[in-house]
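Contents: one structure, followed by commentary.
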């Protein structure tokens, strides 16, 4: 059914779009960008790709650049509570007014048939690009993969590569080689590779270097003494430290001074966030995140959990089991969420006791997906647990 675009505001318009298309049209986003690239005035982007850690890496970098006097935009996804979180400009989420303004701009410069064809993520990516007009630095996180991601149409200053692991196999492939290749193929000229856990990444890195692409290791920018000093002063969850170093490696490369004091006032929503004493919230949703979390928890916790049906939740719960007292299954209204009976059956088979989530019982960790975090915070903000 044809969308009459002009009568919808930005949120109404987006709500009528699929997040991604199951069948990827490799030319749709490049063709669309080529139609309007003369209307987009942003510098070459800092492109962040990888499996986990893109959001924290991007925000560490954006916040520090802002503290150093630069104007900066950070495009991240998905959001937790409000769509505006995806487009961050100079320390603030984009306002509804500015968002509507760039929406109307985009509606005016693209043909109706193109507007109809774009996915939610593709359209949002173009909104961000228009919103970032005239900034000194633009940081964009890939949504899915890298090579064929909507964010890959822009000219790049550099790519920052966070840890790569298994996730989204239906889209990216079932081997680390395939997953890594589709991410690293998005590198244009230069990249800094962060902490990796699979040796296959090194083989692909060598292939990239043979294609005349310059690939750096993030640790090469720091002395051992400097790394230790920064680590001692780092106040976020320990597993985020490598993401911080990756972000700061860009500043090192560009000879931009920084101090760890620059992030003292930074909050990272949903990244092992202690929203009150002994109540943590993390948007992790895969085994890589579970391994990081289990090593960060100081003690056993009650786990508020749910997950999408395409996630390896048996492996996730197996990893988390040593730190779980009891699993509290939270109801989430999302078509991608797994059936409660399946999660309960898996947990019981692993020897994990399960109840429906009704009340906060500390110590407690909320974990499983952005949708889980959103549902928990919605109840928490309302001053009730059920």
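Residue numbers (our numbering): 95 to 480.
Don't be surprised by glycine CBs; every beta carbon is placed ideally from N, CA and C.
None of these values were measured; they are calculated from a predicted model.
DSSP beta-bridge partners for residue 232? 167
Delimiting residues of the alpha helix (DSSP H) encompassing residue 388: 381 to 390
Bridge partners - residue 422, DSSP secondary structure assignment: 398 and 449
Would you check if the distance between the CB atom of residue 398 and the CB atom of residue 424 is smaller than 7 Å? yes
Would you check if there are 3 or more beta carbon pairs closer than 8 Å linking the stretch 183 to 194 to the stretch 148 to 167? yes
Per DSSP, which one or two residues make a beta bridge with residue 141? 234 and 253
Test item: CB-CB of residue 220 and residue 167 under 7 Å: no
Buried/exposed call for residue 401, threshold 16 Cβ in 10 Å: buried
Would you please state the rounded distance, in angstroms, between the beta carbons of residue 363 and residue 174? I believe it to be under 8 Å. 6 Å
Cβ pair residue 426, residue 465 closer than 7 Å: yes
Taking C-beta to C-beta, are residue 414 and residue 441 nearer than 7 Å? no
Reduced DSSP secondary structure (H/G/I, E/B, other) of residue 331: coil
Let's test the definition: count the other Cβ atoms within 10 Å of the Cβ of residue 213 and tell me whether it reaches 16, buried, or not, exposed. buried
Output needed for residue 449: all residues of its chain with C-beta closer than 8 Å, excluding positions within five of it in sequence on either side, in chain order. 420, 421, 422 and 423
Let me check understanding here. Comparing Cα to Cα, which of 381, 447, 406 and 436 lies closest to residue 395? 447
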